[in-house]
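Going by full-length UniProt numbering, 82 is the number at position 82 of the sequence shown; the sequence numbering is gapless. The C-beta atom is built at its ideal place from N, Cα and C for all residues, glycine as well.
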Amino acid sequence: MNAPARTPAQPPIFTPATELRDLVARKELSAVEVTEAVLAHLEAVNPVLNAVVAVRAEGALADARAADALPTDERGPLHGVPFTIKDVNESADLPAAYGSLPFTGYKPGFDSELVARLRRAGGILVGSTNMPEFGLRITTENRAFPATRNPWNPEHGPAGSSGGAAAAVAAGIGPLALAADGSGSGRAPASACGIVGLKPTRGRTSWAPASQEQWAGYVVNGPMARTVRDAALMLDVMAGPVVGEPYGLPAPAGSFLAACDRPPERLRVAYTATPPHGAVAPEVREVFEETVSAFASLGVEMVEAAPDLGGLLDPMLTVMAANVAAMVRGVAPEHLAELESTTLDIALHGERIGAVEYCTAITAAQNRAADVLRFWTRHDVLLTPTLTVLPPVLGAAPEGPGFQERWREYADWLAFTYPFNITGQPAISLPAGRAAGNLPVGVQLVGAPGAEDRLLGLAAAFERARPWADARPPLPAG
Numbered sequence: 001m002n003a004p005a006r007t008p009a010q011p012p013i014f015t016p017a018t019e020l021r022d023l024v025a026r027k028e029l030s031a032v033e034v035t036e037a038v039l040a041h042l043e044a045v046n047p048v049l050n051a052v053v054a055v056r057a058e059g060a061l062a063d064a065r066a067a068d069a070l071p072t073d074e075r076g077p078l079h080g081v082p083f084t085i086k087d088v089n090e091s092a093d094l095p096a097a098y099g100s101l102p103f104t105g106y107k108p109g110f111d112s113e114l115v116a117r118l119r120r121a122g123g124i125l126v127g128s129t130n131m132p133e134f135g136l137r138i139t140t141e142n143r144a145f146p147a148t149r150n151p152w153n154p155e156h157g158p159a160g161s162s163g164g165a166a167a168a169v170a171a172g173i174g175p176l177a178l179a180a181d182g183s184g185s186g187r188a189p190a191s192a193c194g195i196v197g198l199k200p201t202r203g204r205t206s207w208a209p210a211s212q213e214q215w216a217g218y219v220v221n222g223p224m225a226r227t228v229r230d231a232a233l234m235l236d237v238m239a240g241p242v243v244g245e246p247y248g249l250p251a252p253a254g255s256f257l258a259a260c261d262r263p264p265e266r267l268r269v270a271y272t273a274t275p276p277h278g279a280v281a282p283e284v285r286e287v288f289e290e291t292v293s294a295f296a297s298l299g300v301e302m303v304e305a306a307p308d309l310g311g312l313l314d315p316m317l318t319v320m321a322a323n324v325a326a327m328v329r330g331v332a333p334e335h336l337a338e339l340e341s342t343t344l345d346i347a348l349h350g351e352r353i354g355a356v357e358y359c360t361a362i363t364a365a366q367n368r369a370a371d372v373l374r375f376w377t378r379h380d381v382l383l384t385p386t387l388t389v390l391p392p393v394l395g396a397a398p399e400g401p402g403f404q405e406r407w408r409e410y411a412d413w414l415a416f417t418y419p420f421n422i423t424g425q426p427a428i429s430l431p432a433g434r435a436a437g438n439l440p441v442g443v444q445l446v447g448a449p450g451a452e453d454r455l456l457g458l459a460a461a462f463e464r465a466r467p468w469a470d471a472r473p474p475l476p477a478g
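See the structure below:
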């Protein structure tokens, strides 16, 4: 008689990816069992959360059956691990609507480079996640799909623009999600949902083959996960150059996952809760101050200091508006009225930007970025709050005109995140606590270009000191 399989210590829906792949490898769970559990949980909680906008249940189960049949020596590092992609990432058998009503019927018919890498590594693609139209609002609301709710408090949103991805991971709809970060739009939702969100160095991950860059290189694809080690595992699969990309970096020298397991270095960590504009909410500041003390206990040198992050917002808004105008030119005239008024207003602003103004903005951003980066010649890491505010309530960022005024308000919320999209540095958001209303608060670590290994090592040490992965949002039973 066969011995019964051991039961995992926790349900498959909340088991870390690093453990899931090992359980599947040891045949204590099958890829089919894991995928069935995630799909059942998705069916139970997604009607409340609206995190996932397209599901490939049959395709995922077929992939899982194929994974279980693979010989051991053909199994990849994500073997049997479910994941989701953002509604902007192309895949062969899911639509990519970009959160936009005119694009709800668009099916790319091919896998992007990153989706292909994740699937070749054995990952099981479950579905695609919600986002605001073209990623242009700070909340995950659009005309195409119902608004995404925060798993920790459904009266609030998960921020944006990768809000569906963050809500899915926090809720147990797969341990991994592919996100995109253009002004903090990966890190902000990670903070709002109490998970890990990494924006890699510009050029570390790809947009191929549909495009070679987004917004002058400001938008970067990155991993979301409930643990630092899972984010590192996913980055190991995602990272690597593609021929012809303008910012491509050499292949990493070592494993990002291995960096999580090394003893923490004696680092010089600067910290600040003073944003370049706007103010930090008292509840966020309180959690941040507790976090500074926690990092000090890790044996790093803590120094209250910060780079000058001023002068970056205006160039970013110019680049954003011009690129949105270019995207809207690709929309058929009969569908323009279906676009949100926010999108049309930004595009109108972008149409008025001339070539000289755009080039001047790019040069100004590059010059300021060089000034900011010199700070990392004297410090190894910068610690800040991620969002300056608690996760916004649903409806806090309604569509409408007033691009400059609206985005200057949003930029106050993202004052610690968007500068590093311009400088191109790696930055990671980590769960740090929860405030009134059960609302998560995150902190951000920012490293020198190419130093994801250092960030992940420090982040993993922080997670070991203050583990968070066992925290569960109050969801209906899956």
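The alpha-carbon of VAL220 is positioned some 8 angstroms away from that of GLU213. For ARG408, the enclosing alpha helix (DSSP H) starts and ends at 403 to 413.
The criterion of a C-beta distance shorter than 8 angstroms is not satisfied by GLY122 and GLY160. Three or more Cβ pairs closer than 8 angstroms define a contact, and the region 172 to 179 falls short of that threshold against the region 325 to 333. Residue environment for PHE110: exposed (fewer than 16 other C-beta atoms within 10 angstroms of its C-beta).
Distance between ASN150 and ALA17, taken at the CA atoms: about 22 angstroms. A direct Cα-to-Cα measurement between ASP73 and LEU430 gives close to 35 angstroms.
For PRO223, the three-state secondary structure derived from DSSP is strand. Residue pairing of ALA54 in beta bridges, as defined by DSSP: SER128. For VAL443, the enclosing beta strand (DSSP E) starts and ends at 439 to 447. A residue is called buried once 16 or more other Cβ atoms fall within 10 Å of its Cβ, and TYR106, having fewer, is exposed. Annotation for ALA97: ASP87, PHE103, THR104, ALA144 place their beta carbon closer than 6 angstroms to its own, counting only its chain and skipping 5 residues before and after. By the neighbour-count criterion, in which a residue is buried when 16 or more other Cβ atoms sit within 10 angstroms of its Cβ, LEU414 is buried. Put simply, the region 112 to 119 does not touch the region 350 to 365. Fewer than three CB pairs are less than 8 angstroms apart. With the rule of 3 Cβ pairs closer than 8 angstroms, the region 302 to 310 counts as touching the region 363 to 379. For THR417, no alpha helix (DSSP H) segment is defined, and its DSSP state is neither H nor E.
Looking at the DSSP output, HIS156 bridges to VAL393.
Positions of the beta strand (DSSP E) runs, each at least 3 residues long and wholly inside the region 297 to 334, are given as 301 to 304 in order along the chain.
Annotated three-state conformation of PHE375 is helix, per DSSP. For the alpha helix (DSSP H) assignment, the uninterrupted runs of no fewer than 4 residues enclosed by the region 54 to 104 are, from N- to C-terminal side, 57 to 69.
With 16 or more other CB atoms across the displayed protein chains lying within 10 angstroms of its CB, LEU23 is buried.
ALA465 is classed as exposed because its beta carbon has fewer than 16 other beta carbons within 10 Å across all chains shown. Here the alpha carbon of PHE420 sits roughly 43 angstroms from the alpha carbon of PRO71.
Secondary structure note for GLY350: its alpha helix (DSSP H) is the uninterrupted segment 341 to 351. In the three-state scheme derived from DSSP, where H, G and I count as helix and E and B as strand, ILE195 is classed as coil. Among the bridge pairs identified by DSSP, SER429 is matched with GLY197, GLN444. In this structure, DSSP gives ARG434 an extended state, which the three-state scheme calls strand. THR84 and ALA168 do touch by the CB rule: their CB atoms are close to 5 angstroms apart, below 8 angstroms. Here the C-alpha atom of PRO246 lies approximately 8 angstroms from the C-alpha atom of GLY203. Secondary structure of TYR271 (DSSP, three-state): strand. Per DSSP, the unbroken beta strand (DSSP E) holding ASP181 starts and ends at 176 to 181.
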